[in-house]
Amino acid sequence: MTAPATHVSAPAPHHYTTLGLDSRKVAIWAFIGSECMLFVSLISTYLIYKGRSIVGPFPHETWTDPATGHVFKPILNIPVTSASTFVLLMSSLFMVLALAAVQNKEKPKHTRGERILGSSRLWLWMTAIAGATFLGFQAFEFTSFVHEGLSIRTNLFGSSFFTLTGFHGAHVTAGVIWLVTLLAIDYRRGLGPRDSLLVDIAALYWHFVDVIWIVIFTLVYLIR
Amino acid sequence: MATTARPAPKHSPDAYGEHSGLWSWLSTVDHKRIGVLYLYTALFFFMFGGVEAIIIRAQLGAPNQHLVSAEFYNQLFTMHGTTMIFLAIMPLSAAFFNFLIPLQIGARDVAFPRLNAFSYWVYLFGGIFITIPILFAVAPNDGWFGYAPLTTRAYSPGINIDFWVIGLLILGVSSLAAAFNFLTTIINLRAPGMTLMRMPMFTWMAFIVQVLLVLAFPVVTIALVFLLFDRFFGTNFYNTVSAGADPLLWQHLFWIFGHPEVYILVLPAFGLVSEVLPTYSKKPLFGYPVMVYSGILIAVLGFGVWAHHMFAVGLGPIADTFFGLTTMLIAIPTGVKIFNWIATMAQGSIRYTTAMLFGIGLVALFTIGGISGIMHASPPADLQQTDTYFIVAHFHYVLFGGSIMGIFGGIYHYFPKITGRLMDEKLGKIHFWLTVVAMNLTFFPMHFSGMLGMPRRIYTYDAGQGWDLFNAMSTAGAMIFPIAMLVFIYNFFVSRKRGEIAGSNPWGAGTLEWTIPSPPPEYNFAKIPTVTSRYPLWEGKEVDYECARINSQEGKTSADLGIVMPYSTIKPLLVALGLVTMFCGLIFARALIGVGAALMIFSLYSWLLSPLEPEHD
Amino acid sequence: MMDSHASMTNLPDSAEALAHAPRREEEHAHPTWSTYWKVALILSLITVGEVWAYYLPSFVGSRGFVPTLLFLSGLKFAIVVMFYMHLKYDHRIFRVLFTGPLLVAAITLIGLMFLFGHLFIKIM
Ligand code: HEM
Ligand SMILES: [Cu+2]
């Protein structure tokens with residue numbers, strides 16, 4: 001049933017379009033606009049419930065359980081998250097390089113540097129690996145929180161924190177799958193300039209997910 | 225009944241061998257056929273919701289009745305509202321979006337034909353999913369706006385609300401997918417010369433509705449996800465009891481979606497009458513640019529009025545003032561539209577066809593609903609009116625008097641384009657007058673029972689509170705609807721088979737969809753038209769008429785003309801099926817989640833990796 | 842309005858021609874490698890600054906902390922969107938499709954913050 005990947009054909013629609021643009025790109029921007037509302041709903045809820053949990057652990061404050069006397073340290077791990085934030089930021093750089101490599105596939109390359117910069121596979125791999133690393137950090141963060149006594153059911157903070165960052169993580173996961181699919185196509189028949197739209201829309205999605213993390217990092221992790 | 229026994233028009237779907245039969249419907253990606261699927265399905269749900277309403281009215285016809293139990297009554301009004309909004313009016317609008325948008329802008333299909341099929345199948349499966357439970361008396365029972373914490377496990381332990389949460393999530397996927405599709409179509413698939421300010425008003429309103437959908441649905445999706453998590457995974461979003469959750473969170477998120485939603489429900493009908501009134505007045509729409517700008521203004525303001533549904537909460541003087549003011553403001557662009565329609569008819573040579581009657585009916589009846597709307601835009605007044613039958617009267621005047629009247633007008637107006645045959649006018653007028661009488665007899669007395677303090681959502685009441693007469697009237701009116709609907713259904717099906725042959729432009733209308741044969745060939749336009757005015761058939765230039773002449777020719781297939789059309793495919797249906805199976809797994813058997821996900825992902829990849837249409841360059 | 846690119850000149854005059862009309866891709870000065878790494882550097886520096894600020898107790902306690910961080914985050918947001926998502930160089934329809942919803946989203950967020958008492962207007 002699965003048609004060969006070679007059928008992911010040239011992005012150019014052979015039909016007339018009003019703006020001379022590919023409809024898929026129009027649609028992905030509309031989708032991104034819509035996602036703004038999705039994440040704003042999640043972020044609003046997180047902020048509304050900020051400081052309103054009855055029991056700890058809390059993100060930035062210590063909490064002593066009155067029943068057991070157990071002391072819970074502030075739970076957010078800024079160094080680790082800063083590292084994962086940096087990784088995701090770099091993935092966006094890799095992504096633009098991947099797109100540029102695909103767009104310039106047919107330009108002659110003379111130096112070693114040009115060949116490295118022009119390798120779409122390298123940069124797609126780097127982006128996907130950076131994304132997967134970010135997810136690894138998130139998995140580590142989630143499990144250590146659970147060990148320290150914060151689950152999605154513990155308090156308002158736990159529910160809104162895990163749901164917000166989990167939704168973001170799910171978006172990253174979808175992005176990694178998307179990138180791996182592009183890689184598969186690249187290995188199968190090579191991505192060239194005529195495929196740049198395929199990579200472009202994946203890149204737009206990827207950067208958007210990064211941009212959302214920029215907001216989350218500040219609002220959730222840095223601002224107390 | 226004017227029945228002319230003539231052969232089926234050449235382009236009727238059954239004229240093409242490979243285009244008939246069950247499989248062709250399951251695998252179609254043709255926007256017109258998908259539109260027809262939407263139309264039939266939504267009409268079915270409209271009648272299903274109607275039956276629920278009839279039972280509700282029978283129960284309330286006299287004091288102290290016990291036709292249904294209190295519990296079942298809750299299920300009835302919840303499912304009536306949910307069905308009418310999500311399964312009837314929105315998809316009826318979607319039927320017109322599908323059928324008309326490409327025809328009005330001069331395109332051969334929507335931007336993403338397969339995604340379009342996917343939207344329909346998700347809607348169908350989601351609709352079935354949320355409708356089945358009432359047959360077993362386990363339907364959702366907390367009202368169409370499902371206020372949390374009432375809907376959390378603590379207060380609604382049964383399976384009922386599970387169906388509601390999951391059902392609405394599924395339907396949201398359908399609406400969003402369709403919205404991206406139509407938005408892209410209108411932006412990017414307009415024929416040469418079809419500038420934004422030449423777009424037919426229906427397409428304009430459709431455009432605004434897609435923007436509203438794209439912005440409003442994510443919010444309710446998140447609100448529903450929270451509820452789903454609360455119910456299934458024990459999160460605390462609406463856990464006011466032990467976690468200190470805020471009982472207003474749901475209300476805010478829901479109404480941020482909910483108010484734009486009411487415009488999602490009514491703007492398509494506004495668009496339809498904006499086609500109907502000029503056609504039968506033989507005059508271009510009055511104040512076209514103002515109509516466009518008022519539509520945009522409604523959309524923008526629509527996101528700043530949501531808390532008028534929450535005045536009873538006591539949000540404080542600042543919030544109440546703000547939302548009261550914005551609500552009154554939004555009545556201005558709405559009123560502007562009414563005046564423009566009246567001005568369109570003024571001094572026109574009016575033909576009182578059935579479609580025109582429904583159009584005029586909308587102008588009259590919607591206005592009544594708009595006026596009661598302004599009344600409860602004022603917080604102190606609203607405190608008296610909220611949660612009474614006065615509100616029920618308001619939203620039925622806008623939804624029935626507005627959306628449904630407009631949609632029926634649209635059906636009578638476009639039936640010939642869809643089927644190639646005319647509907648019977650005499651029966652149509654009987655349908656119209658029965659509907660108007662039923663509508664007013666049912667809903668006008670509710671203003672009074674509401675003012676006298678009768679709360680909504682009570683399953684019975686004591687005699688002697690002054691409500692009896694008004695309730696008896698409402699119930700009597702409600703019993704007329706089924707008669708009206710029978711007339712309509714009879715007319716619909718008989719005309720489909722034996723109605724007079726329509727020809728490409730039976731009403732002498734002015735827009736592009738009337739330049740092509742009825743029903744249109746699969747490729748719509750043999751030659752993509754070049755547009756030079758808002759009404760190419762009324763005020764066009766030589767090119768318009770030339771295009772119209774070429775495009776009105778019948779009998780050519782896409783192969784004859786060398787036009788490349790998309791392959792039909794079953795994959796969108798399979799993806800939809802996988803998605804819905806996945807959701808079903810949450811309620812029935814967790815194993816289904818894996819099965820559904822596998823089916824969905826496999827079919828999705830297979831869809832994305834196969835070409836849309838034959839290779840060509 | 843938004844269809845400036847849909848110029849009405851050189852209209853293909855038959856369905857045939859339409860189907861074969863040459864693709865009118867956006868032709869813009871695309872940013873290059875040197876832009877990309879500079880952008881990455883700026884983003885990294887801002888991020889370092891943000892995290893640094895987090896560890897300055899006196900600054901964290903001050904009034905300027907939250908606005909500063911919000912500003913920096915907004916700056917990073919804008920840089921990525923403009924350069925990496927090349928919104929700056931692309932067709933304006935994309936700007937409309939993104940900034941419109943972004944504005945509605947931002948205003949909704951601010952509205953909710955007021956309604957839930959996280960922001961105040963001081964009257965008198
Ligand atoms: C002139 C413009 C309008 C104004 C000023 C207005 C105002 C209002 C207000 C203030 C309420 C809340 C009443 C309460 O619950 O106490 C309300 C409820 C409602 N309105 Fe409107 N409205 C307008 C137009 C519309 C339109 C066009 C529709 C739909 C097509 C609509 C549908 C509804 C519905 C469904 C409700 C009730 C929701 C519920 O409680 O279940 N309204 N309206
Ligand atoms: Cu409202």
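Residue numbers (this note's numbering), protein chains in the order written: chain A, 1 to 224; chain B, 225 to 841; chain C, 842 to 965.
For every residue, glycine included, the Cβ atom is placed at its ideal position computed from N, Cα and C.
Residues that residue i bridges to, as DSSP identifies them
| i | result |
| --- | --- |
| A:V71 | A:T64 |
| B:R645 | B:I725 |
| B:P604 | Paired residues: none, contrary to the question. |
| B:T699 | DSSP lists no partner for B:T699. |
| B:T612 | B:P679 |
Cα-Cα separation, residue i to residue j
| i | j | result |
| --- | --- | --- |
| A:D186 | A:R121 | 7 angstroms |
| B:P484 | B:W831 | 33 angstroms |
| B:N748 | B:M515 | 28 angstroms |
| B:D784 | B:L261 | 27 angstroms |
| B:I352 | B:A800 | 13 angstroms |
| B:G559 | B:F590 | 10 angstroms |
| B:F270 | B:P706 | 11 angstroms |
| B:F712 | B:G273 | 16 angstroms |
| C:F957 | A:Y49 | 9 angstroms |
| C:S885 | C:Y896 | 17 angstroms |
| B:S827 | B:L501 | 45 angstroms |
| B:L327 | A:G56 | 59 angstroms |
| B:H533 | C:L882 | 48 angstroms |
| B:L184 | C:L960 | Here chain B has residues from 225 to 841 only, and residue 184 of chain B is not among them. |
| A:K109 | A:G118 | 8 angstroms |
| A:R115 | A:A184 | 20 angstroms |
| A:G166 | B:I825 | 21 angstroms |
| B:D686 | B:T612 | 16 angstroms |
Beta carbon proximity, residue i to chain B, threshold 8 angstroms
| i | result |
| --- | --- |
| A:Y205 | no |
| C:V945 | yes |
| C:I951 | no |
| A:G33 | yes |
| C:I934 | yes |
| C:P942 | yes |
| A:R188 | no |
| C:L897 | no |
| C:L956 | yes |
Neighbour flag for residue i against chain C, beta carbons, 8 angstroms
| i | result |
| --- | --- |
| B:L339 | no |
| A:V172 | no |
| B:P835 | no |
| A:A98 | no |
| B:H476 | yes |
| A:V55 | no |
| B:A821 | no |
| B:L439 | yes |
| A:S82 | yes |
Neighbour flag for residue i against chain A, beta carbons, 8 angstroms
| i | result |
| --- | --- |
| C:K929 | no |
| C:E867 | Annotation note: pLDDT 39 at C:E867 (below 50); position unreliable, no value reported. |
| B:T459 | yes |
| B:D686 | no |
| B:T739 | no |
Proximal residues of chain F, C-beta to C-beta of residue i below 7 angstroms
| i | result |
| --- | --- |
| B:I358 | Here chain F cannot be found, since the structure's protein chains are A, B and C. |
Residue i beta carbon near ligand 4 (any heavy atom closer than 7 angstroms)
| i | result |
| --- | --- |
| B:V529 | Annotation note on ligand 4: not contained in the displayed structure, which lists ligand 1 and ligand 2 as its ligands. |
**Study point:** Contact the segment 871–884 of chain C vs the segment 196–208 of chain A: 3+ CB pairs below 8 angstroms
**Key:** no
Check your understanding: Is the segment 173–192 of chain A touching the segment 139–151 of chain A, taking contact as three or more C-beta pairs under 8 angstroms?
Key -> no
Practice item. Please determine if the segment 519–536 of chain B and the segment 547–554 of chain B are in contact, where contact requires at least 3 C-beta pairs separated by less than 8 angstroms. Key: yes
Check your understanding: How about the segment 243–258 of chain B and the segment 320–340 of chain B: do they share at least three Cβ pairs that are nearer than 8 angstroms?
Key -> yes
Exercise for review: Examine the Cβ distances between the segment 641–656 of chain B and the segment 679–696 of chain B and report whether three or more of them are shorter than 8 angstroms.
Suggested key: no
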